[in-house]
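Enquirer: Start counting the sequence shown at 0; every next residue gets the next number (numbering that gives the first Met the number 0).
Beta carbons: idealized from backbone N, C-alpha and C, even for Gly.
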Amino acid sequence: MIYRKMPQTGDEISILGFGCMRLPLDQEGKIDEPRATALVRSAIDRGVNYIDTAYPYHEGESETFLGRALADGYREKVFLATKLPTWKVEKRSDMDRILDEQLAKLKTNAIDYYLLHGLNSERWEAMKQKGFEDFMERALADGRIRRVGFSFHDKLSLFKEIVDSYNWHFCQIQYNFVDIEYQAGRAGLKYAAERNLGVVVMEPLRGGSLVRNIPPSIQAIWKESTRPLSPAGWALNWLWEQPEVSVVLSGMTTEFDLEDNLASAGKAAPLSDSERKMIDRVRKEYLARMKVFCTGCQYCMPCPNGVNIPECFNRYNTVYMFDELEQARFAYMNFIKPEARASACVKCGLCEKKCPQNLEIMSHLESVAELLEAKE
0 MIYRKMPQTG DEISILGFGC MRLPLDQEGK IDEPRATALV RSAIDRGVNY IDTAYPYHEG
60 ESETFLGRAL ADGYREKVFL ATKLPTWKVE KRSDMDRILD EQLAKLKTNA IDYYLLHGLN
120 SERWEAMKQK GFEDFMERAL ADGRIRRVGF SFHDKLSLFK EIVDSYNWHF CQIQYNFVDI
180 EYQAGRAGLK YAAERNLGVV VMEPLRGGSL VRNIPPSIQA IWKESTRPLS PAGWALNWLW
240 EQPEVSVVLS GMTTEFDLED NLASAGKAAP LSDSERKMID RVRKEYLARM KVFCTGCQYC
300 MPCPNGVNIP ECFNRYNTVY MFDELEQARF AYMNFIKPEA RASACVKCGL CEKKCPQNLE
360 IMSHLESVAE LLEAKE
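1. Check each candidate in 258, 205 and 116 and name the one with the smallest Cα separation from residue 84.
2. Taking the beta strand (DSSP E) that residue 11 falls in, what are its first and last residues?
3. Got a sec, what are the start and stop residues for the beta strand (DSSP E) residue 113 sits in?
4. Going straight from the alpha carbon of residue 213 to that of residue 321, what length do you get?
5. Going by the CB atoms, is the gap between residue 283 and residue 316 shorter than 9 Å?
6. Can you give, in chain order, each stretch of the alpha helix (DSSP H) that sits fully within the stretch 111–167 and has at least 4 residues?
7. Quick test of your reading: residue 111 and residue 80, contact by CB under 8 Å. State the CB separation rounded to the nearest angstrom.
8. Does the distance from the C-beta atom of residue 39 to that of residue 13 stay below 9 Å?
9. Which residues does DSSP list as the beta-bridge partners of residue 197?
10. If you follow the alpha helix (DSSP H) that residue 272 is part of, which residue opens it and which one closes it?
11. If residue 42 sits next to residue 78, beta carbons under 8 Å apart, how far is it from one beta carbon to the other, in whole angstroms?
12. Taking its Cβ as the centre, do 16 or more other Cβ atoms sit within 10 Å of residue 347, making it buried, or is it exposed?
13. From the DSSP output, in three-state form, read off residue 341 for me.
14. Mind listing, in chain order, the continuous alpha helix (DSSP H) runs of no fewer than 4 residues lying wholly within the stretch 57–96?
15. Can you confirm whether the stretch 158–168 touches the stretch 228–236 when touching is taken to mean that 3 or more C-beta pairs between the two stretches lie within less than 8 Å?
16. Just to confirm before moving on: does the CB-CB distance between residue 263 and residue 15 stay below 9 Å?
17. Classify residue 213 as helix, strand or coil using the three-state DSSP reduction.
18. Cα separation between residue 309 and residue 233?
19. Just checking, does the stretch 133–146 make contact with the stretch 175–185 on the three C-beta pairs under 8 Å criterion?
20. If you reduce the DSSP assignment to three classes, tell me which class residue 305 lands in.
21. Mind checking which residues open and close the alpha helix (DSSP H) that includes residue 39?
22. Can you give the Cα-Cα distance for residue 169 and residue 198, rounded to whole angstroms?
23. Just mark residue 375 as buried or exposed, buried being the case when its beta carbon has 16 or more other beta carbons within 10 Å.
24. Which residues share a DSSP beta bridge with residue 2?
25. Could you check which residue in 302, 338 and 62 has the C-alpha nearest to that of residue 35?
26. Would you give the residue range spanned by the alpha helix (DSSP H) that residue 387 belongs to?
27. State the CB to CB distance for the pair residue 114 and residue 171, rounded to an integer number of angstroms; the pair is presumed to be in contact (CB under 8 Å).
28. What do you get for residue 206, buried or exposed, if any count of 16 or more other CB atoms within 10 angstroms of its CB means buried?
29. Mind checking if residue 346 is an interface residue toward chain C, Cβ cutoff 9 Å exclusive?
30. Is DSSP giving residue 375 helix, strand or coil here?
31. In chain order, what residues of the same chain have a beta carbon less than 6 Å from the beta carbon of residue 50, not counting five sequence neighbours either side?
32. Taking the alpha carbon of residue 94 as the reference point, which residue from 23, 249 and 126 has its own alpha carbon closest?
33. Just to confirm, is the Cβ distance from residue 224 to residue 274 under 9 Å?
34. Please find out if some non-hydrogen atom of the ligand ZN comes closer than 8 Å to the beta-carbon of residue 70.
35. Is DSSP giving residue 18 helix, strand or coil here?
36. Compute the Euclidean distance between the alpha carbons of residue 239 and residue 306, then round it to the nearest angstrom.
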């Protein structure tokens, strides 16, 4: 296993981290605890030392599971990360209450890496108003948390604002070879690293989309390589060769996932020029499958009626890029508020006047609503 130092703290972190959002399940849809415990402990035994979870994962059971899985001396071998569910905080005292609950569930006295979960513009404003700085400072001082950071899901300008607003130790962003300009993206990665923040990468495989149902045209490109790496291995190596990346989280569900990722981590090495070009060709092939060529530039925003136009198109494009209708529909209905969905468009036309790509936005939004808001 290769380790990298977190910039401010010097913590030696494995380049592969274990994300506990996609643990194996039993027939009832609950965490398959014996199998999941074996996976987590096997990863730790072989050098993985960064374990990431969060309050809502597995319907609130991920933290409780980890509290048991990290018994027998395993807690002392890892850096444990979890997150404050920002959407559940109604007042300042909720932060302490939730943290104490998490400590109890995880059976630990301290969280090594503690994050504000899923910051966007709305949640960021709420956290500032409700006193997150006082909470963080007190929790650091009394030892309940050791490092502070945030995970992020919004546009680049807000990411920069948040980075510059507090003395964070680290941040967590969605980043992969397809989503180079999505949300914080590569520009955000470099911005954070320049300001001495460690950067934890989530969704390196885009929730598994980069390794499931791979289109034949993309399979053919991967097969051109002479290096024996899986598509997951190529995606991980693309990230690892970027020095700004501190650790890459992978949600490992099966023994194969673990073995494949560990093998990739063991072979992590700089890519050749031809390999970089190959990955870029794969990226372009995925992008060519986009139905709406929206770049996410945000020029159309804000919509006067509240529609989140770029995110509607992002979820819509996912259907065609990765052949994943149900996953895209689930994400659309669960992560985009009703008032921000495509069906809220009143066809005022303001967005089309602003779009530098000259997209027929109103027509495309109709298609989004028809596909992703379809009633069962």
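Expert: With the structure as the only source:
1. Here residue 84 refers to the residue found at position 85 when the sequence shown is read from its first residue. Ranked by Cα distance from residue 84, the options 258, 205 and 116 are led by 116.
2. As a working mapping, residue 11 is identified with position 12 in the sequence shown. Where residue 11 is concerned, the enclosing beta strand (DSSP E) stretches over 11–13.
3. Taking the sequence shown and counting its residues from 1, the one referred to as residue 113 is at position 114. From DSSP, the beta strand (DSSP E) with residue 113 extends over 110–118.
4. As a working note, residue 213 is residue 214 in the sequence shown. As a working note, residue 321 is residue 322 in the sequence shown. One C-alpha to the other measures close to 7 Å.
5. Counting from one through the sequence shown, the residue named residue 316 turns up at place 317. Counting from one through the sequence shown, the residue named residue 283 turns up at place 284. The answer is no: Cβ separation not under 9 Å.
6. 120–128, 131–140 and 155–164
7. If you number the sequence shown from 1, residue 111 lands on position 112. If you number the sequence shown from 1, residue 80 lands on position 81. Confirmed, about 7 Å.
8. In the sequence shown, counting from the first residue as 1, residue 39 sits at position 40. In the sequence shown, counting from the first residue as 1, residue 13 sits at position 14. No.
9. For this step, residue 197 is matched to residue 198 along the sequence shown. Residue 197 is bridged to 169.
10. As a working mapping, residue 272 is identified with position 273 in the sequence shown. It spans 272–287 - the alpha helix (DSSP H) in which residue 272 sits, taken as one unbroken run.
11. Here residue 42 refers to the residue found at position 43 of the sequence shown. Here residue 78 refers to the residue found at position 79 of the sequence shown. So it is not a contact: roughly 13 Å between Cβ atoms.
12. For this step, residue 347 is matched to residue 348 along the sequence shown. Residue 347 should be labelled exposed.
13. By one-based count along the sequence shown, residue 341 stands at place 342. Correct three-state label for residue 341: helix.
14. 61–68
15. no
16. Mapped onto the sequence shown, residue 263 falls at position 264. Mapped onto the sequence shown, residue 15 falls at position 16. It is a contact, given that the beta carbons lie within the stated cut-off.
17. In the sequence shown, counting from the first residue as 1, residue 213 sits at position 214. Coil, per DSSP.
18. Mapped onto the sequence shown, residue 309 falls at position 310. Mapped onto the sequence shown, residue 233 falls at position 234. Answer to the nearest angstrom: the Cα atoms are 28 Å apart.
19. no
20. Along the sequence shown, read from residue 1 onward, the residue named residue 305 stands at position 306. DSSP places residue 305 in coil when its eight states are reduced to three.
21. Here residue 39 refers to the residue found at position 40 when the sequence shown is read from its first residue. 32–44 is the extent of the alpha helix (DSSP H) around residue 39.
22. As a working note, residue 169 is residue 170 in the sequence shown. As a working note, residue 198 is residue 199 in the sequence shown. For residue 169 and residue 198, the distance between alpha carbons rounds to 6 Å.
23. Counting from one through the sequence shown, the residue named residue 375 turns up at place 376. Below a pLDDT of 50, predicted positions are generally treated as unreliable, and residue 375, at 48, falls in that range; the measurement from the model is reported next regardless. Classification for residue 375: exposed.
24. As a position in the sequence shown, residue 2 is number 3, starting the count at 1. DSSP output for residue 2 lists 13 as bridge partner(s).
25. As a working mapping, residue 35 is identified with position 36 in the sequence shown. Taking only the C-alpha atoms, the option nearest residue 35 is 62.
26. Residue 387 lies beyond the range of the chain shown here (0 to 375); nothing can be said about it.
27. What you label residue 114 is simply residue 115 of the sequence shown in a count that begins at 1. What you label residue 171 is simply residue 172 of the sequence shown in a count that begins at 1. Sure, about 6 Å apart at Cβ, within 8 Å.
28. On the sequence shown, residue 206 is found 207 positions in, with the first residue counted as 1. With 16 or more other Cβ atoms from the protein chains shown falling within 10 Å of its own Cβ, residue 206 counts as buried.
29. Note that chain C does not occur in the displayed structure, where there is just one protein chain.
30. Numbered from its first residue, the sequence shown carries residue 375 at position 376. The predicted model places residue 375 with a pLDDT of 48, which falls under 50 and marks its position as unreliable; any figure quoted below should be read in that light. Reduced to three states, the DSSP call for residue 375 is coil.
31. Taking the sequence shown and counting its residues from 1, one reaches residue 50 at position 51. Excluding residues within five positions, the ones whose Cβ falls inside 6 Å are 17, 77 and 79.
32. Translated into the one-based positions of the sequence shown, residue 94 becomes position 95. Closest by alpha carbon: 126.
33. Counting from 1 along the sequence shown, the entry for residue 224 is found at position 225. Counting from 1 along the sequence shown, the entry for residue 274 is found at position 275. Yes.
34. Absent from the structure shown: the ligand ZN. Ligands present: none.
35. By 1-based counting over the sequence shown, the position of residue 18 is 19. Here residue 18 sits in strand by DSSP.
36. For the purposes of this step, residue 239 is identified with residue 240 of the sequence shown, where counting begins at 1. For the purposes of this step, residue 306 is identified with residue 307 of the sequence shown, where counting begins at 1. In a straight line, the C-alpha of residue 239 is about 36 Å away from that of residue 306.
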